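What follows is a single structure, written as structure tokens, with notes after it.
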Amino acid sequence: MTDLKRRSLVAALGAAPLAVPLLTHAQTIEVNSKFKQVSSRERIRQRYFPNLVLTSHEGRKLKFYDDMVKDKLVIFNMFYAKCEGICSPITRNLVRVQKMLGDRVGKDIFMYSFTLKPKEDNVMALQHYAEMHKVKPGWLFLTGSPADMETLRQKLGFTDPDPALDKDISNHIGVIKYGNEPLERYGGCPGMSTPEWIAETISWVDWPKNSAHMKANGGAK
Amino acid sequence: MAYISKRNRRQEKERQIAAHNRRELIAAGFKRRDLLKLGLLTSAGMLIPKKGLSAHPINSAGMVFDDPVSPPTTPFQENMPRLTVAQPVAALNPAPTIAPNTAAGEGRTVAHQAFAQFPPQRFYELIQQQGTVSVALPNELPPQTIWGFNGITPGPLFVEHYGVLGSPGNGSILVRQRNNLPSNNGGFGLPSVTTHLHNGHTPLESDGFPCFFFAQGQFYDHHYPNVLAGVNSTHPGIGDIKEAMSTLWYHDHRIDHTAENTYKGLAGAYVLFNEFDTGNENTGFRLPSFGDGQNPLTSFDIYMVFNDKLFDEQTGLLAFDLFNTDGILGDKFLVNGKINPVLHVSPRRYRFRWLNTGPSRFYQMFVLGPNNTTKSFWQISTDGNLLEKPVQVTSARFAVAERVDVIVDFTGQVGKTFYLENRLEQDDGRGPTGNVFGAGQGTKILKIVVDGPAVADNSIDPATIPANQAVYFYGFPNTTDAPRITRTFRFERGNGQWQVNGKLANCNDIRFAIKRNTVEKWIFQNNSGGWQHPIHMHFEEFQTLTINGNPPSSTGLITRGRKDVFRLEHNMEAQVYFRFRDFIGKFPLHCHNVVHEDHAMMVLGQINDVGDNITQP
Chain E
1 MTDLKRRSLV AALGAAPLAV PLLTHAQTIE VNSKFKQVSS RERIRQRYFP NLVLTSHEGR
61 KLKFYDDMVK DKLVIFNMFY AKCEGICSPI TRNLVRVQKM LGDRVGKDIF MYSFTLKPKE
121 DNVMALQHYA EMHKVKPGWL FLTGSPADME TLRQKLGFTD PDPALDKDIS NHIGVIKYGN
181 EPLERYGGCP GMSTPEWIAE TISWVDWPKN SAHMKANGGA K
Chain V
1001 MAYISKRNRR QEKERQIAAH NRRELIAAGF KRRDLLKLGL LTSAGMLIPK KGLSAHPINS
1061 AGMVFDDPVS PPTTPFQENM PRLTVAQPVA ALNPAPTIAP NTAAGEGRTV AHQAFAQFPP
1121 QRFYELIQQQ GTVSVALPNE LPPQTIWGFN GITPGPLFVE HYGVLGSPGN GSILVRQRNN
1181 LPSNNGGFGL PSVTTHLHNG HTPLESDGFP CFFFAQGQFY DHHYPNVLAG VNSTHPGIGD
1241 IKEAMSTLWY HDHRIDHTAE NTYKGLAGAY VLFNEFDTGN ENTGFRLPSF GDGQNPLTSF
1301 DIYMVFNDKL FDEQTGLLAF DLFNTDGILG DKFLVNGKIN PVLHVSPRRY RFRWLNTGPS
1361 RFYQMFVLGP NNTTKSFWQI STDGNLLEKP VQVTSARFAV AERVDVIVDF TGQVGKTFYL
1421 ENRLEQDDGR GPTGNVFGAG QGTKILKIVV DGPAVADNSI DPATIPANQA VYFYGFPNTT
1481 DAPRITRTFR FERGNGQWQV NGKLANCNDI RFAIKRNTVE KWIFQNNSGG WQHPIHMHFE
1541 EFQTLTINGN PPSSTGLITR GRKDVFRLEH NMEAQVYFRF RDFIGKFPLH CHNVVHEDHA
1601 MMVLGQINDV GDNITQP
């Protein structure tokens, strides 16, 4: 603790107007010192990609940003193993998308399915789900602490602004999101669309065909 | 501090305070466990603003949710810019061709269908490129990197004229769009584009179909004949004057990426004059003169482009919510590219053309006068299509892409100050709550000061139009021809996916065909009590027949008239009437909350000479 007394801290936080002098102070600072020179890529990381530790269906522990997102083209969706609704058709769609993307999946393209029910989806349940759908390497089914999985869901925008609808997890299953982290290009599409169309939309955030990246990674799908 | 609604203002203040508190706590060396011990991270109440320190669970990375809020800015410091008028070029190199000039790098894939009939009389070239703009005082926000037509936003204002009898193609122009956007997008934006002229009677290969996008380094020639609907069908010669349009705009329409690209700046304005709506207040309908669009002593017809944006708290730079699928609201309100600017006017009548480019907000605009009085004004159009006559109103509501032309009379108001005030409450992307704030309680967007010099006013005073005169402008086309087919379009959400008739948009799926030169009746349905959708149809305007079984309104919030965006509100069903004439090709029907649009709330169709009988495309 610093010299700032806890009691006065509580008082300061409890009374909103006390923060106003801070704002006024900020306003007097010149714009150059008021704002930070932070890259947009870094701001995206800060805003959307918390470095949470997740566990994959293979039992590996992975840091969300460092190990899973950084420098990659990533595809996100939400599911849970015992889902009887549209999870299975979407997973089947993504199996076909994985096939279309070929051996780049696991190399520079990665697919991540996050459980909406971390309490029941342990590694074994995820492993079973992955095997049942015959997914290939480069596509991970992931669980973590309930708070972390909730954080991830919120950060990645698998939400509904109506609190009642937001509690119904079936509302978070239909959308696939994707992005190219170093290129800072992102998008989303419905998971119930055709696999061909899903793969095409993902290709829009891919590295340019003649780029050094593509030369090093074996070209397009 | 942004001028936003009282409720939003409070929320914004709370958020800013929360953000500053967080920084103070970090600076003071408080650790997370200290805050947990203090209970600061679990109690909401007055201690912690709604989405500040602790409204959400703490995760293992030690992060808390940080609902973004723009840095403070001081409103009403800078003048509202008047839009730069687009200038034609002498010639284009290479010269435009009817067939796509693929060898020279044209991204177009369909030949021009009306080029020979209406050869372009003037040529323009717009370069879509990165630019740097100032949106606020330089000590409050840093220079902003945007994508713009010719590097500016809003893009250049096209001032065009319809052809005349005997020479219907006199107004024909060709606009070459070049994609010189950079690969480095600064955090959002896809450098792949297609430009829609909203809502020209344009051959559809030039309309800006969402799937006709073209790549960096390519160009695309858009042929805009600027002809009246009916010119090749019901009204040979010049077309049906009752189909004249006046206030249009153009914007990026890249499938799935329209929201970020328009938000980044790819939007501009377009006006059309003719022998009645002349731009000269001494002739025709005598609407306030356009002049050169710049000189305040001669230009009284002013286009105002509204949008709301968010700027990053740390960097002060324009920020886009990448993973939002609901709709994006900004807390800074821009008019013609400036946050909360000031317009100086003379004591006379003005024509204001209001356009909302979104991304997701609905406005209900009032003119706020001294002492929280509400000044009435004259609404003359819906979506750029003149009404039968000016209608006196106290407000106009417009969602994304809707346009409203109004006449505001500042005669006798010397020295007074007015504000354009949005009083419609909206808290998220779902649409407005329905609550309309009281006078002075809404968001002041533009300050208008009547301190300009006295100048002559030869424009029509709408108050002098006799009450028993039903039609002052063109009147509306009839809605009595029998429709060939009635089709239903249900706009909905399922499992978080936007859908139309339970189906998802896909460029490879053209879901229905309209027979050229026929009439259709469409039914728009929204079964949701939570969401509202501004539904836009390309190429043709509709007239509303019924809303929830009732006729549209000619007064108040006007819904009668020709429109190209239907505001589909909660639990609403509407019947609308279309005529599809003259040209063929592919088009979209879509929600113009551009975030919904980018997540498949769209149906693709085509006009051909066969048509189909699909009633729920």
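Just so you know, the sequences run in chain order E and V.
In case it helps, our numbering puts the first sequence at residues 1 to 221.
In case it helps, our numbering puts the second sequence at residues 1001 to 1617.
Glycine included, each C-beta is placed from N, C-alpha and C at the ideal position.
Just so you know, these numbers come straight off a predicted model, no measurement behind them.
Each residue's CA atom was taken as its position, placing T1073/V and P1100/V some 47 Å apart. In this structure, the CA atom of Y1577/V is about 30 Å from the CA atom of F1213/V.
Annotation: E58/E to E1597/V spans about 38 Å, alpha carbon to alpha carbon. Three or more Cβ pairs closer than 8 Å define a contact, and the stretch 1559-1576 of chain V meets that threshold against the stretch 1372-1383 of chain V.
Excluding five sequence positions before and after M149/E, the CB atoms of its chain that fall closer than 6 Å to its own CB belong to P118, given in chain order. Note on S39/E: under 16 other CB atoms within 10 angstroms of its CB, so exposed under the neighbour-count rule.
Residues of the stretch 160-194 of chain E with a C-beta less than 8 Å from any C-beta of chain V: D160, P161, D162, L165, S170, N171, H172, I173, G174, V175, K177, G179, L183, E184, R185, Y186, G187, G188, C189, P190, G191, M192, S193 and T194, listed in chain order. Taking a C-beta distance under 7 Å as the contact criterion, R1423/V and L1355/V do not qualify as a contact pair. The beta carbon of L142/E lies closer than 8 Å to those of L54, T55, S56, H57, L62, Y112, S113, F114, T115 and L126 in the same chain, with the five residues before and after it left out. Ranked by Cα distance from Y178/E, the options A199/E, K134/E, S88/E and P161/E are led by A199/E.
For V97/E, there are no neighbours in chain V by C-beta distance under 9 Å, as the nearest C-beta there is about 14 Å away. Residue-level contact check: P1142/V touches chain E, since one or more beta carbons of chain E fall below 7 Å from its beta carbon. Contact between G1585/V and P1203/V is confirmed by a C-beta separation of about 7 Å, below the 8 Å threshold. Shortest Cα-Cα distance from F1566/V to any of F1489/V, R1353/V, L1343/V and T1479/V involves F1489/V.
Within chain V, the residues placing a beta-carbon under 7 Å from that of W197/E are N1506 and N1508, ordered along the chain. In its chain, beyond the 5 residues on either side, K1521, I1523, L1545 and T1546 have a beta carbon closer than 7 Å to the beta carbon of Q1575/V. L156/E has a beta carbon lying within less than 7 Å of a beta carbon in chain V. Under the Cβ criterion of 7 Å, I86/E is counted among the residues facing chain V.
Runs of the alpha helix (DSSP H) lying entirely within the stretch 1518-1558 of chain V and spanning at least 4 residues: none are present. Using a Cβ distance threshold of 7 Å, G1530/V and R1430/V count as a contacting pair. Taking a C-beta distance under 7 Å as the contact criterion, S1070/V and K1332/V qualify as a contact pair. Between the alpha carbons of D1256/V and Q154/E lies a distance of about 21 Å. Contacts with chain E (Cβ-Cβ distance below 8 Å) from the stretch 1347-1367 of chain V involve no residue at all. In summary, the residues of the stretch 1303-1324 of chain V whose CB is separated from some CB of chain E by less than 7 Å are D1312, Q1314, T1315, G1316, L1322, F1323 and N1324, in the order they occur in the chain. Less than 7 Å divides the Cβ of G1265/V from the Cβ of W1147/V.
Assigned with DSSP and collapsed to three states, M1080/V falls in coil, not helix or strand. Per the Cβ contact rule, the stretch 1194-1208 of chain V is in contact with the stretch 1216-1233 of chain V (3 or more Cβ pairs under 8 Å). Its chain contains P1288, F1290 and R1351 as the residues whose beta carbon lies nearer than 6 Å to that of D1301/V, once the 5 sequence neighbours on both sides are disregarded; these appear in chain order.
DSSP places W197/E within a helical segment (H, G or I) once states are collapsed to three. Judged by beta-carbon spacing, N1307/V lies beyond the 7 Å limit of L1343/V, meaning their Cβ atoms are not closer than that value. Contact between G1434/V and V1400/V is ruled out by a C-beta separation of about 17 Å, above the 8 Å threshold. DSSP places L142/E within a strand segment (E or B) once states are collapsed to three. Cβ atoms of V175/E and G187/E stay farther apart than 8 Å, at about 11 Å. Residue nearest to F1323/V within the set N210/E, H213/E, L152/E and L165/E is L152/E (criterion: CA-CA distance). Cβ proximity to chain E below 7 Å picks out D1428, G1429 and R1430 from the stretch 1416-1438 of chain V.
For K99/E, the enclosing alpha helix (DSSP H) starts and ends at C87 to L101.
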